[in-house]
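For reference, the structure discussed in these notes is given below.
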Amino acid sequence: MNLGSSPHAGAQVLVQGVPLGQSSAAVILLHGRGGSARDILGLAQAFALDNVTYLAPEATGHTWYPNSFMAPITSNEPWLSSALALIDSLVRRCENAGLATSRVGITGFSQGACLATEYVARHPQKYGALIGFTGGLIGPPGASLHHDGNLSGTAILLSSGDPDPHVPWSRVEETASQLRSMGATVRLLHHPERPHTILNEEILAARNLLQGVWADL
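See below:
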C-alpha cells in the first residue's frame, strides 16, 4: 500500500531514548485501541534499557482498524493494511539508520499486539524480539492463520489474561503455535482472571527478554 494515500498517512511518531543512528537497538511500540503513542511510551521508562531508540506511532482516531481483530479481514481494510505499512516504514527507518532487523524489537498492547504479531508473521525474518501483551494473529474464528517464511529464532513473548474481553486465550495459543512453526522461540504467559491491562510481572518478563537478546547493550 502507498502510505501516502492511506488512513494512517502522516501518522505522528514519537521518539524517545537514544537518537536513531546513535543507538544499538530500537523498539517499535504500538498502542491499543483508544490509546496513544504517549501512553505506550511509558514502556520505555519501564524497560529502562540503555542505548535504545523507542518509536511510538499514533493511530488516526486512536484506533488501528475499526472492528475486532477476529472480524473478517476485509472489514478492517484499508486501515489494517495502512497500519501494517506504517510499521514497515518504521522498520525500514531503523534499517536506514544502520540497524539490522535483529536489532529491532516490536512490542504492542491489545490492538497493537495483534498488529505486531500480524506484521511479524507477514514479514518473516530475524527480529530482535516480538512482545505481544494481549493479542494474536488477525483473522476470524476458524480461519487459517498460516503464514510462510522463517523467523530464524526470533524471541517472542505472548502474555495475556484469561478470560479476556477482547482476545480469547485460544487465539493466543494458536498464534504461538503458528509462530513456532515459522522458527521462532515463543514463551507464553497465562494470567487467569487478569484484567485487560499490563501487569508489572509482564513488563519485567519483557524487559528480561530484551536484555537477553541484546546482552551487549
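This note's numbering applies: residue 280 is where the sequence shown begins, and numbers increase by one. C-beta atoms are modelled at their ideal positions from N, C-alpha and C, and glycine is treated no differently.
Item	Value
Assigned exposure category for T476 - 16 Cβ within 10 Å defines buried	exposed
For V294, the first and last residue of its enclosing beta strand (DSSP E)	292 to 296
Those residues which DSSP pairs with I307 across a bridge	L334, I385
Integer Cβ distance of Q390 from W448, believed to fall under 8 Å	Q390 to W448, Cβ: 17 Å. No contact.
Cβ-Cβ separation, A408 to L488 (assumed contact under 8 Å), whole Å	6 Å
Environment of A395 [buried if 16+ CB atoms lie within 10 Å]	buried
Close Cβ partners of V292 (< 8 Å) along its chain, the five nearest in sequence each way excluded	A316, L334, A335, P336, E337, L369
Per-residue DSSP class, three states only, for T433	coil
Residue burial classification, A434 (beta-carbon count within 10 angstroms, cutoff 16)	buried
Within 9 Å, strictly: CB atoms of T386 and F412	yes
Between the CA atoms of R450 and A350 - distance to the nearest angstrom	13 Å
Range covered by the alpha helix (DSSP H) that runs through F348	Looking at the DSSP string, F348 is not in any alpha helix (DSSP H), and its letter there is neither H nor E.
C-beta contact flag for L424 and A400 at 9 Å	yes
Exposed unless 16 or more other CB atoms sit within 10 angstroms - verdict on P442	exposed
At least three beta-carbon pairs within less than 8 Å, the stretch 350 to 360 to the stretch 295 to 313	no
Integer-rounded CB distance, given that G384 should sit under 8 Å from Y398	Rounded, the Cβ-Cβ distance is 12 Å, inconsistent with contact.
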